[in-house]
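**Q** Residues 173 to 391 in our numbering are what the sequence shown spells out, letter by letter. Heads up, the beta-carbon is just placed ideally off N, CA and C, and yes, glycines get one too.
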Amino acid sequence: MFTPDTILFLQENRFRNDRRWFASHKADYERLVLEPLDALSAFVAPVVSAADEWIVTRPASVRSRVYRDLRYVRDGLLYREDMWLSFKRDKKRFPNCPEFYFYFTPAEVSWGCGFYSASSGTMAALRGLILENDASFAAAQEAVGQGFAVSGEVYKRTRHPGQPEALRLWLDRRTISVGRPASALEALYDPALPQKVAADFAALRPVYAFFLHAAECGA
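Next comes the structure, spelled out in structure tokens:
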């Protein structure tokens with residue numbers, strides 16, 4: 173279970189920015205960060221597997237690393253203070269596929285389903301399915317009505333001015349995801365968190381199916 177000490181450890185580790193300090197506190201990292209992440213991933217694994225048998229669910233493969241990618245580090249900070257789980261197909265065999273995600277920072281926590289970076293072909297296919305009123309989109313739209321929100325980068329100007337607002341909510345995005353609106357950190361410490369995430373992942377299966385259909389059409 174995540175606790176406030178989880179966030180405190182990640183913040184202090186980032187602040188100290190010292191490999192020796194991290195090595196001497198690795199047991200704390202495993203207890204406070206890795207163990208609750210792995211427990212959550214194990215709990216929701218059957219749900220995401222039911223959505224797609226090709227989704228990878230091994231804990232070590234779905235959780236983020238605490239180390240930042242030094243190829244892109246410009247500020248000298250070696251460690252991250254945000255962590256996530258990402259459930260998707262093997263990206264080498266199935267590039268550009270959607271994912272179920274769980275993400276937290278020192279300020280908030282969120283989870284849902286979407287693309288980390290959808291290709292232009294996938295997004296074009298997604299818009300086409302929407303405009304054709306494909307059955308997979310109708311099911312996804314119905315699922316969103318269960319308290320989820322559509323998010324992602326929006327074009328400055330609508331490309332579909334003649335479409336109703338309910339469709340432009342989807343059509344006018346460069347990238348897209350659907351999930352629970354971000355919550356304050358208290359949600360991270362809720363003992364019922366695994367059950368809530370699993371229930372939402374189950375409810376989002378139609379959204380995942382729609383996104384996957386778009387990815388396959390846009391390949």
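1) Is Tyr-275 near Trp-256, with beta carbons less than 8 Å apart?
2) Between the alpha carbons of Tyr-327 and Gly-284, how many angstroms are there, rounded?
3) Terminal residues of the continuous alpha helix (DSSP H) containing Glu-388?
4) If you draw a straight line from the alpha carbon of Lys-198 to that of Phe-320, how long is it in whole angstroms?
5) Grab the span of the beta strand (DSSP E) containing Trp-256 for me, first residue to last.
6) Cα-Cα, which of Phe-383, Leu-365 and Asp-372 is closest to Met-173?
7) So for Leu-184, helix, strand or coil by DSSP?
8) Excluding sequence positions up to five away, which residues of its chain have a Cβ less than 6 Å from the Cβ of Glu-358?
9) Mind checking whether Phe-266 and Phe-382 have CB atoms under 8 Å apart?
10) Between the stretch 174-190 and the stretch 202-210, are three or more C-beta pairs nearer than 8 Å?
11) Taking the beta strand (DSSP E) that Glu-280 falls in, what are its first and last residues?
**A** Checking against the coordinates, here is how it stands:
1) As a working mapping, residue 275 is identified with position 103 in the sequence shown. As a working mapping, residue 256 is identified with position 84 in the sequence shown. Closer than 8 Å, so yes.
2) Along the sequence shown, read from residue 1 onward, the residue named residue 327 stands at position 155. Along the sequence shown, read from residue 1 onward, the residue named residue 284 stands at position 112. Rounded to whole angstroms, Tyr-327 to Gly-284 spans 22 Å at the Cα level.
3) One-based indexing of the sequence shown puts residue 388 at position 216. Run containing Glu-388: 377-389, per the alpha helix (DSSP H) assignment.
4) In the sequence shown, counting from the first residue as 1, residue 198 sits at position 26. In the sequence shown, counting from the first residue as 1, residue 320 sits at position 148. Each residue's Cα considered, the two are about 37 Å apart.
5) Mapped onto the sequence shown, residue 256 falls at position 84. First-last of the beta strand (DSSP E) with Trp-256: 255-259.
6) Counted from its first residue, the sequence shown places residue 173 at position 1. When only C-alpha atoms are compared, the closest one is Leu-365.
7) As a first step, residue 184 is located in the sequence shown; it is residue number 12 there, counting from the start. The sequence given here places Glu at residue 184; Leu does not occur at that position. Helix at Glu-184.
8) The residue given as residue 358 occupies position 186 in the sequence shown. Nothing listed; no residue qualifies.
9) By one-based count along the sequence shown, residue 266 stands at place 94. By one-based count along the sequence shown, residue 382 stands at place 210. No, Cβ-Cβ distance for Phe-266 and Phe-382 is not below 8 Å.
10) yes
11) Walking along the sequence shown from the start, residue 280 turns up at place 108. Element bounds for Glu-280: 280-286.
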